[in-house]
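Sequences listed follow chains A and B, in order.
Take the first sequence: its letter number 372 is residue 372 in my numbering, and every next letter is one higher.
Here my numbering runs 1000 ahead of the position in the second sequence, where the first position is 1.
The beta-carbon is built from N, C-alpha and C at its ideal position, and this holds for glycine as well.
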Amino acid sequence: MIELDKLTKRFKQKDGKDVTAVDAVSLTVNEGEICVFLGPSGCGKSTTLKMINRLIQPTSGRVLINGEDTTGLDEVALRRNIGYVIQQIGLFPNMTVEENITVVPKLLGWDKKRCHERAMELMNMVQLDPRQYLKRYPRELSGGQQQRIGVIRALAADAPLLLMDEPFGAVDPINRDAIQNEFFQMQRALNKTVIMVSHDIDEAIKLGDRIAVFRAGKLVQFDHPDTLLAHPKDEFIASFVGQDATLKRLLLIRAEDAADDAPSIRPETPVADALGLLEEHDRRHLVVTDAANKALGYVRRRELRGQSGVVRAFLQPFAATAAFDEHLRILLSRMYQFNRAWLPVLSADNDFLGEVTQESIADYLSSGRSRGKTSIVSPAEGAAG
Amino acid sequence: MDWLSTFSYMDWGQVGALTLQHVALVGVAVGLAILVGVPLGVAMTRFPWLSGPLQGAATVVLTIPSIALFGLMLPLYSKIGHGLGPLPAVTAAFLYSLLPILRNTYLALTNVEPGIREAGKGIGMTFWQRLRMVDIPLAVPVILAGVRTAVVMNIGVMTIAAVIGAGGLGVLILTAISRSDMGQLIVGAIIVSILAIIADLLLQWLQRTLTPKGLRS
């Protein structure tokens, strides 16, 4: 856990004016979370980041790591316990990939064997073949590969905290997506606490557990990304997240969140009962499950009409389904692809959890609910109040 | 082309001895300049306010005509009884070598990419660790370029050392002038030139060998 307590940076400009680059920023990032510092250039986000590892000396305020005030710590010792990744990557061109990765472990006095094993392990984590790449020099690698090395160099000594200053800003868009996904998985697997500076709202939404929006040196809003999109605190944030904020939320909402409580029936349910249920819920189809609530398929109202017996004879397999943790953007794409108005939401064990329909999505997005926030205020109500 | 015949009556034993002496004079002077210039260059990156005065002083020294500089050494060293001989000659060449070595060291160190410097600092390397593990290895080719300049320049300049009794290949030229021996004068000049070319080629090779593998293209 890392805590910033009224962190402030003031400096004198050349014309003698005092400038407050960072103004009493306080926030807490929990262990294992990614916090993204977001904002336009010159908003103080980078300065705040660099005050954490004291590349920039704070004017006042404190940084606490796991409750310990870092103000009195030796800055070199402090930095060796905090990983650091920058946009320019900054690999040492005179060192091989392996030497680059093991710089900090060596300074910490690890023996050769342990350093080598650590390098191998980290290379495998970013899907770079150690035998092929460890002996190469940075200039022999592509930009994306170099930044992967930059990231694992920061992780080499197993520091619990990672600071990243626009780490993927210089990587081309196609590679950026891949490297972001890879990083995200690695971060989750290693349970690192990450603070990342970005000016890219899409990156922040994709990677951030929480987003801290800065403006003119002040922290303006600190929230879960979905909350930020659903309830921007002011005009500035609303304009920063963009007019398509609601569409961006699709990335953040999981199928299980937007699923409705659609009823289901058993294969042995009589057709008459099924038709009654369809009538009652005003639906055109029903999902059929077994006694253990595992989804089997569905039946359509149009095929049940005027029939008798049980629904088993009319059971159809799903053309497409939604996994509980898939986000709505993927689901909407799938719904259009298969020309469906709904998808059954299934758990990892194939349990039926409900249905995602165009309606349930619209309901969720306009309900004022958002992930990571419990108090529910609809945007409409908020505006009215 | 009768100066060519000079080659036949030259005292090659003497030429060899003078050449060795010449090389030693330049070698000691440049060696000392490396020992002083590189640390000064490092000091300039650590304390930037030093860079103006130090570079200025080194540049002023370089503008002093070489024969005058050698002359200036005379009264200075005669106070300790070494007005003539190798000491003033080495000192003069040392002062001449300082600027290219100092300046190249400083330039190379300050030109290390800001990203590399920030990454090094950010992951917890001290100033000295960055210097030893990153900055100096990256600066070596540029520093050696300065050494090359100093060596080539001083092989020529060092001929004046003969005037103040320090020996070296200048002796050949000086005696040729006093005897109006055009042949020996030209041969002496050619030997000095060839020596400079050989030294330059050797240093070029050294520069290439010492350039970190990751920087070679």
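Item	Value
Local conformation of Q1207 (chain B) per DSSP, three classes	helix
Check whether G1122 (chain B) and N53 (chain A) have beta carbons under 8 Å apart	yes
is_contact[P1212 (chain B), chain A] using C-beta, thresh 8 Å	yes
Own chain residues within Cβ distance below 8 Å of I376 (chain A), not counting five before or after	For I376 (chain A), the pLDDT reaches just 34, beneath the cut-off of 50, and the residue's location in the model is therefore unreliable, leaving the point undetermined.
Whole-number beta carbon distance between G1165 (chain B) and T1006 (chain B), since they are thought to touch under 8 Å	That pair is no contact at about 25 Å.
Coil, strand or helix - L1064 (chain B) by DSSP	A small fix is needed here, since residue 1064 (chain B) is Ile in this sequence, not Leu. It is coil, neither helix nor strand.
S26 (chain A) - DSSP class collapsed to helix/strand/coil	strand
Neighbouring residues, chain A, relative to P1137 (chain B) (Cβ below 7 Å)	N94
Minimum Cβ-Cβ distance from I89 (chain A) to chain D less than 8 Å	Considering every chain present, this structure includes no chain D. Its protein chains are A and B.
Beta-ladder partner(s) of Q316 (chain A), from DSSP	A:Y298
Per-residue burial, G385 (chain A) [other beta carbons within 10 Å of its own, 16 or more giving buried]	Any reading at G385 (chain A) must be qualified, since the residue scores a pLDDT of 34, below 50, and its modelled position is unreliable; the value itself is stated next. It is exposed - the Cβ of G385 (chain A) has fewer than 16 other Cβ atoms within 10 Å.
Own chain residues within Cβ distance below 8 Å of I1155 (chain B), not counting five before or after	H1022, V1026, V1192, L1195, A1196 and A1199
L1054 (chain B) vs L1040 (chain B) beta-carbon contact at 8 Å	yes
Residue environment, T1059 (chain B), which counts as buried when at least 16 other CB atoms sit within 10 Å	exposed
Rounded separation between E256 (chain A) and F37 (chain A) - CA only	28 Å
Proximal residues, the stretch 115-144 of chain A versus chain B, C-beta separation under 7 Å	Y137, P138 and R139
Residue span of the alpha helix (DSSP H) that contains P105 (chain A), given as start and end	V103 to L107
Exposure label - E99 (chain A); buried when at least 16 CB within 10 Å	buried
Cβ pair P105 (chain A), A156 (chain A) closer than 8 Å	yes
Check: P232 (chain A) C-beta below 7 Å from any heavy atom of the ligand GTP	In the structure shown, the ligand GTP is absent, as is every other ligand, since no ligand is present at all.
C-beta atoms of V311 (chain A) and V287 (chain A) nearer than 8 Å	no
Spatial neighbours of D209 (chain A) in its chain, beta-carbon cut-off 6 Å, leaving aside the 5 residues before and after	E33 and I34
Beta carbon of A365 (chain A) nearer than 8 Å to that of T227 (chain A)	The sequence given here places Leu at residue 365 (chain A); Ala does not occur at that position. Not closer than 8 Å, so no.
G1122 (chain B) - DSSP class collapsed to helix/strand/coil	helix
Opposing strand residues paired with Y84 (chain A) [DSSP bridges]	A:L163
CA nearest to the CA of L1174 (chain B), picked from B:L1018, B:Q1207 and B:M1073	B:L1018
Residues that L1215 (chain B) contacts on chain A, provided the C-beta gap is smaller than 9 Å	P93, N94, Y137 and R139
Counted within 10 angstroms of its Cβ, other Cβ atoms place Q187 (chain A) as buried (16 or more) or exposed	buried
Pick from A:A178, A:M164 and A:P173 that is closest to V197 (chain A), judged by C-alpha positions	A:M164
Element boundaries [beta strand (DSSP E), containing R369 (chain A)]	Here R369 (chain A) belongs to no beta strand (DSSP E), and DSSP marks it neither H nor E.
Contacts that Y84 (chain A) makes with chain B (C-beta to C-beta distance below 9 Å)	E1118, A1119, K1121, G1122, I1123 and G1124
Contact belief for P167 (chain A) with Q87 (chain A) at Cβ below 8 Å, rounded distance in angstroms	7 Å
Residues near D172 (chain A) by beta carbon distance below 8 Å, same chain, minus five either side	G143 and G144
Below-8 Å beta-carbon distance, Q1129 (chain B) vs any chain A residue	yes
Where P1088 (chain B) sits in the DSSP three-state scheme	helix
Identified DSSP bridge partners for V356 (chain A)	A:L343
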